[in-house]
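K.L.:
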Amino acid sequence: MDVGVADDHSPEATISRWKFAMSRQYQHMLDKTTPHVLRRWIGCLVVAAVYVLRVYLVQGFYIVSYALGIYILNLLIGFLSPQVDPEIHDGPTLPTRGSDEFRPFVRRLPEFKFWYSITKAFCIAFVMTFFSAFDVPVFWPILLFYWVVLFTLTMRRQISHMIKYKYVPFSFGKQLEQPEDLVAGEDCFEV
Numbered sequence: 001m002d003v004g005v006a007d008d009h010s011p012e013a014t015i016s017r018w019k020f021a022m023s024r025q026y027q028h029m030l031d032k033t034t035p036h037v038l039r040r041w042i043g044c045l046v047v048a049a050v051y052v053l054r055v056y057l058v059q060g061f062y063i064v065s066y067a068l069g070i071y072i073l074n075l076l077i078g079f080l081s082p083q084v085d086p087e088i089h090d091g092p093t094l095p096t097r098g099s100d101e102f103r104p105f106v107r108r109l110p111e112f113k114f115w116y117s118i119t120k121a122f123c124i125a126f127v128m129t130f131f132s133a134f135d136v137p138v139f140w141p142i143l144l145f146y147w148v149v150l151f152t153l154t155m156r157r158q159i160s161h162m163i164k165y166k167y168v169p170f171s172f173g174k175q176l177e178q179p180e181d182l183v184a185g186e187d188c189f190e191v
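Each residue of the sequence shown is one higher than the one before, starting from 1 at the first, in this note's numbering.
1) Determine whether the beta carbon atoms of V50 and F126 lie at a separation below 8 Å.
2) Going by DSSP in three states, W115 sits in which element: helix, strand or coil?
3) Starting from R157, trace the alpha helix (DSSP H) in both directions and tell me its first and last residue.
4) By the three-class DSSP mapping on this structure, what secondary structure does R107 have?
5) Given this structure, state the Cα-to-Cα distance separating L73 from S23, to the nearest angstrom.
6) Out of curiosity, what's the CA-to-CA distance linking H28 and I142?
7) On the DSSP bridge list, what partners appear for P137?
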């Protein structure tokens with residue numbers, strides 16, 4: 001009897017094939033959501049609203065919410081930061097003048113991974129609300145105050161970094177480049 005044939009029918013091989021098929025199907029579903037940015041974020045807001053409603057109704061799990069807030073703040077910093085930090089990198093930097101070569105802003109954390117990580121974090125936090133071990137009794141106003149202070153200080157530092165290195169992490173619509181040698185009102189076509 002061939003050993004390879006017997007291995008194909010073993011429970012481990014069956015489970016492995018099932019896990020592979022499920023992961024492919026899950027990845028296919030994620031790939032299909034990539035172009036639907038607004039729908040993805042609306043779904044994320046729905047998941048967040050369900051989590052907030054759950055925490056409100058059970059009146060607990062504030063430490064889980066605080067940890068979730070810190071994690072989202074960390075993701076937000078990665079989303080707003082350039083992939084190559086101009087403070088520590090000696091290579092090509094972000095353009096600071098109009099005569100510099102145009103380089104698009106490349107995030108350290110792409111938008112899709114940002115959305116996926118936040119949505120997954122809210123789902124995990126929601127599941128954690130069903131286990132009483134994570135319901136540590138704390139005075140939630142102190143946690144909220146501390147998180148707001150931490151958010152304010154972190155965002156102030158991030159915004160000052162953005163101003164210092166002159167980059168904007170958001171783009172609205174298609175960017176149009178105008179050649180510097182054209183004067184406004186002149187026709188660019190020569191006859």
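Glycine is no exception: its CB is placed at the ideal position from the N, C-alpha and C atoms.
P.N.:
According to the structure shown:
1) yes
2) helix
3) W140 to K164 is the extent of the alpha helix (DSSP H) around R157.
4) strand
5) 29 Å
6) Rounded to the nearest angstrom, the two C-alpha atoms are 43 Å apart.
7) DSSP output for P137 lists no bridge partner at all.
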